[in-house]
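Q: Line by line, the protein sequences give chains A and B. The working numbering puts the first residue of the first sequence at 271, with every later residue one more than the last. The working numbering puts the first residue of the second sequence at 271, with every later residue one more than the last. Cβ atoms here follow ideal geometry from the backbone N, Cα and C, with glycine treated the same way. Take this structure, written in structure tokens, and hold onto it; I'll ask about it next.
There are 2 protein chains.
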Amino acid sequence: MASENRGLTERKKQILKAIVDAHIEGGGPVGSKYILQNQQLSCSSATIRNEMAELEEMGYLEQPHASAGRVPSELGYRFYVDSLIERYAMTTHEIAQINDLLKAKMGELDQILLAASNLASNLTNYTGIAIKPPVSAISINKFEIIYLESDHYILIAVTSTGSVKSKHVHTATPISQALAAKLANVLNQHLKGLSANEITLPIIMEMEAQMGYESSLVNAAIKVVYDLLNELDEGEMRVSGIDHLLQYPEYSDVGQLQELLGTLEKKEDILNLVSRSESQDISVLIGSESEVKVMNNSALVFKPIVKDGKTLGAIGILGPRRMDYAKVLATLEGLSGNITNLIGSNKSNGGESNGGN
Amino acid sequence: MASENRGLTERKKQILKAIVDAHIEGGGPVGSKYILQNQQLSCSSATIRNEMAELEEMGYLEQPHASAGRVPSELGYRFYVDSLIERYAMTTHEIAQINDLLKAKMGELDQILLAASNLASNLTNYTGIAIKPPVSAISINKFEIIYLESDHYILIAVTSTGSVKSKHVHTATPISQALAAKLANVLNQHLKGLSANEITLPIIMEMEAQMGYESSLVNAAIKVVYDLLNELDEGEMRVSGIDHLLQYPEYSDVGQLQELLGTLEKKEDILNLVSRSESQDISVLIGSESEVKVMNNSALVFKPIVKDGKTLGAIGILGPRRMDYAKVLATLEGLSGNITNLIGSNKSNGGESNGGN
DNA sequence: TTTTAGCACTCTTTTGTTCGGAGTGCTAAT
DNA sequence: ATTAGCACTCCGAACAAAAGAGTGCTAAAA
């Protein structure tokens, strides 16, 4: 394939780019005459027609029906995105908007991601996606217990990613403030740094032994810890700006739109897709490149948010295959830069924060 | 109005109900002939036509155009919901589904609500909504500080509603474990039970005085507390199953659908609507009854989730005005019952839990 | 006085037809 | 290798006609 790309003459590239641009702009098939007008090419429409026929043969273009113009194929888009794109410079206004909104939301990572995807959606007029990938092999770095009543305490856990989760626990046997402290101690001693499947029976037994008479508390606590680790494992995804999709004619077909919304609701597919991507850079998935069947005439662009080598989340854009890639890429790039700044700058007074994951 | 309702003859009621039922079923206008066939009435279509004309005059029916059948008006639906509805009995299968899913999700209230709205959406085939109303005048019952490093601690707050919020704090001046404990102490002493606007300067001053040399810590902490209270104040709303909407012809008009999705995205309107409702019972808002302009041909049904007299959240259903009210009401009723059970039963081993709001 | 049958009328929806435009492919000339 | 020209194809808009559904009204029946 790469060698074929090389094989494209300068003029073919120009024509291909012109077609993709025009199709992104207008949505319909693009004809030879149109290109001739909106592009300074020193040749006639007939020549363009010939070139287009060749481009079609090579797989970069498609023809909806015999006497229609050409539409970029998946391969055509891929080529466009990979090599023809003109970087879109964000306006200062847009940059200011990003700064304002994200600064204001400087809070939990969830909130930042959500705000970012919202913003991305509004800036680009496509659908925004905020993703928190499932954190596999997560562990707990610190336990803390808040004693409330004789049968009621709150178990708090600080995870290895720095986020804090809590759970209310109601005990069958009465506890005291001191007992709660002791329990916290035992938990910290034995479970620190362990992930869900590293908590083995021997460890539990030892903890029970150490708690003596109150060993029943251990069991309850362990169960809660386990639940907690599992919850952290789940991954989340939130979508914003679906209404934007409706403005594009490709989604005026109710059936397909419904299918697309369906996959957006199910979430697993996209969540998998994003978390399986090992690249830390922007990914562009066009149409059926992404095993998710439904996305045939859609494209998904996303950028992971990375800190200290760990992927904490991702923001993305979902839109029609003919989306304005230049703008989308620039927007995501800009946003992710801001987010990374925001969560990287630890020396503030308010400080970065992570609430319940 | 009530007197007008009274004025409806038995036959008029029967006809009205038949029309609403038929329209809910089919979606289109309902004609006199159709009613005659699907209803055992001892009269002819002409009589029915006369009755329908009268019902229209009284405001219960509408005619899309001169020679079409009749469609229930807003008033017609209202009457139907208020007095004609046959309670829909949930199948045991549905009940089992509810139990399974909710039990499994027994975790944070957010999660329960979300799961419930999801379930409601699937059971009814409309769009589900999970709402956490803004908790005005919320206060913090307990502070706790987890010391991490010399310039980094986690501030944890247990709110009056029992949920737990946390924030990482990075300090400008170095702290110690002991100092962190002292700070927690001061916070607990002075801020317990206060809402955001009850934290006055004198209180802050006194706290600073009490902290002596380390008074700068107080300021930073207060700011965090303040942020935290504000975040709690926000209210949240999540939507599931928008794809269901597309199956109803009333939403095949892209423009209107887009508007509706727009209001769903904005959230404030619906959030206001729900939190302003003082009833603890199921509310049914039909069309323009709810100031939200867009919902002209939609209806919103929601049920608050109440515990100890406090509204903790709400689950709802959004769908076309001609929705299957019987089923929707029964589903929400069933779900809310289960949720109330779930969060009410405090004496379990795993226990109810509230993570970061 | 209420109900009913019958019929004329209205409005929508569907279907078929026509027609123009846009765009291509091909061929022959440059 | 490029171009002009032309025949051909296909789609979609516009229009007309027909079919269907349902009403309102009138006059007769109960």
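Chain A beta carbons: is any one of them nearer than 9 Å to that of residue 438/B?
A: It does: the Cβ of residue 438/B has a partner Cβ on chain A nearer than 9 Å.
Q: Apart from the five residues on each side of it in sequence, which residues of its chain come closer than 6 Å, Cβ to Cβ, to residue 460/A?
A: Excluding sequence neighbours, residue 460/A sits near 473 and 477.
Q: Using a Cβ-Cβ cutoff of 7 Å, what residues of the stretch 519 to 538 of chain B are near chain A? List them in chain order.
A: Here the close residues are 522, 524, 527, 528, 531, 532 and 535.
Q: Rounding to the nearest angstrom, what Cα-Cα distance links residue 283/B and residue 443/A in this structure?
A: Spanning the two alpha carbons is a distance of roughly 59 Å.
Q: With C-beta atoms as the reference, is residue 325/A less than 9 Å away from residue 340/A?
A: Result yes, Cβ atoms of residue 325/A and residue 340/A sit closer than 9 Å.
Q: Name the chain A residues that come within less than 8 Å of residue 516/B, Cβ to Cβ?
A: Correct list: 524, 527, 528 and 531.
Q: What would DSSP say about residue 293/B, mapped onto helix, strand or coil?
A: Looking at residue 293/B - three-state DSSP - the assignment turns out to be helix.
Q: For residue 540/B versus residue 401/B, is the C-beta spacing smaller than 9 Å?
A: Cβ distance < 9 Å, so residue 540/B and residue 401/B count as in contact.
Q: Under a CB-based cut-off of 9 Å, is residue 513/B close to chain A?
A: Yes, contact with chain A.
Q: Would you say residue 585/A and residue 602/A are within 9 Å of each other, going by their C-beta atoms?
A: Yes, these two residues count as a Cβ contact at 9 Å.
Q: So does the stretch 511 to 522 of chain B actually touch the stretch 390 to 407 of chain B, counting three or more Cβ pairs closer than 8 Å?
A: A contact exists between the stretch 511 to 522 of chain B and the stretch 390 to 407 of chain B.
Q: For a cutoff of 9 Å on Cβ pairs, would you count residue 426/A as touching chain B?
A: So, interface residue.
Q: Would you grab the beta carbon distance between residue 372/B and residue 382/B for me? Rounded to a whole angstrom, and I think it's under 8 Å.
A: Rounded, the Cβ-Cβ distance is 6 Å, consistent with contact.
Q: Around the Cβ of residue 604/B, are there at least 16 other Cβ atoms within 10 angstroms (buried) or fewer (exposed)?
A: Label assigned to residue 604/B: buried.
Q: Going along the chain, which residues of its own chain have a beta-carbon closer than 6 Å to the beta-carbon of residue 519/B, five neighbours each way excluded?
A: The answer, listed in chain order, is 297.
Q: Less than 7 Å between C-beta atoms, sequence neighbours within five positions excluded: which residues of the same chain meet that for residue 537/A?
A: 507.
Q: Can you check DSSP and say which residues form a bridge with residue 332/B?
A: Answer by DSSP bridge pairing, in chain order: 341/B.
Q: I need the DSSP call for residue 275/A, collapsed to helix, strand or coil.
A: With a pLDDT of 47 at residue 275/A, under the threshold of 50, the predicted position of this residue should be treated as unreliable, and no value is reported.
Q: Could you list the residues in the stretch 451 to 474 of chain B with a C-beta less than 7 Å from some C-beta on chain A, going in chain order?
A: Those would be none; no residue qualifies.
Q: Does the separation of the CB atoms of residue 408/B and residue 416/A fall below 9 Å?
A: No, the pair does not count as a contact, with Cβ atoms beyond the cut-off.
Q: With distances taken Cα to Cα, identify the nearest neighbour of residue 570/A among 547/A, 579/A and 581/A.
A: Comparing Cα positions, the closest option is 547/A.
Q: Would you mind giving the Cβ-Cβ distance between residue 505/A and residue 545/A, rounded to the nearest angstrom? I have them listed as a contact below 8 Å.
A: With a Cβ gap of about 7 Å, residue 505/A and residue 545/A count as contacting.
Q: From the DSSP output, which residues share a beta bridge with residue 483/B?
A: In the DSSP output, where bridge partners are listed per residue, residue 483/B has none listed.
Q: 9 Å is my cut-off, CB to CB: does residue 445/A come that close to chain B?
A: So no, residue 445/A is outside the interface.
Q: Taking only the alpha-carbon atoms, compute the straight-line gap between residue 368/B and residue 613/B and give it to the nearest angstrom.
A: So the two alpha carbons sit approximately 15 Å from each other.
Q: Using CA coordinates, which residue listed in 468/B, 463/B, 564/B and 484/B is at the minimum distance from residue 678/B?
A: No answer is possible for residue 678/B: it lies beyond the span of chain B, which begins at 271 and ends at 627.
Q: In terms of alpha-carbon separation, which member of 543/A, 606/A, 558/A and 362/A lies closest to residue 590/A?
A: Comparing Cα-Cα distances from residue 590/A to each of 543/A, 606/A, 558/A and 362/A, the minimum goes to 558/A.
Q: Less than 8 Å between the CB atoms is what I'm expecting for residue 529/A and residue 564/A, so what's the real figure, rounded?
A: That pair is a contact at about 5 Å.
Q: Between residue 382/B and chain A, is the shortest Cβ-Cβ distance under 9 Å, so that the two count as touching?
A: With 9 Å as the cut-off, residue 382/B does not count as an interface residue toward chain A.
Q: Which bits of chain B does residue 412/A rub up against, with CB to CB less than 9 Å?
A: Here the neighbours are 416, 418 and 424.
Q: Using a Cβ-Cβ cut-off of 9 Å, state whether residue 591/B counts as contacting chain A.
A: So, not an interface residue.
Q: Does residue 611/B pass the burial test, meaning 16 or more other C-beta atoms within 10 Å, or should it be called exposed?
A: Exposed, since its Cβ has fewer than 16 Cβ neighbours within 10 Å.
Q: What are the boundary residues of the alpha helix (DSSP H) that residue 546/A is part of?
A: From DSSP, the alpha helix (DSSP H) with residue 546/A extends over 538 to 546.
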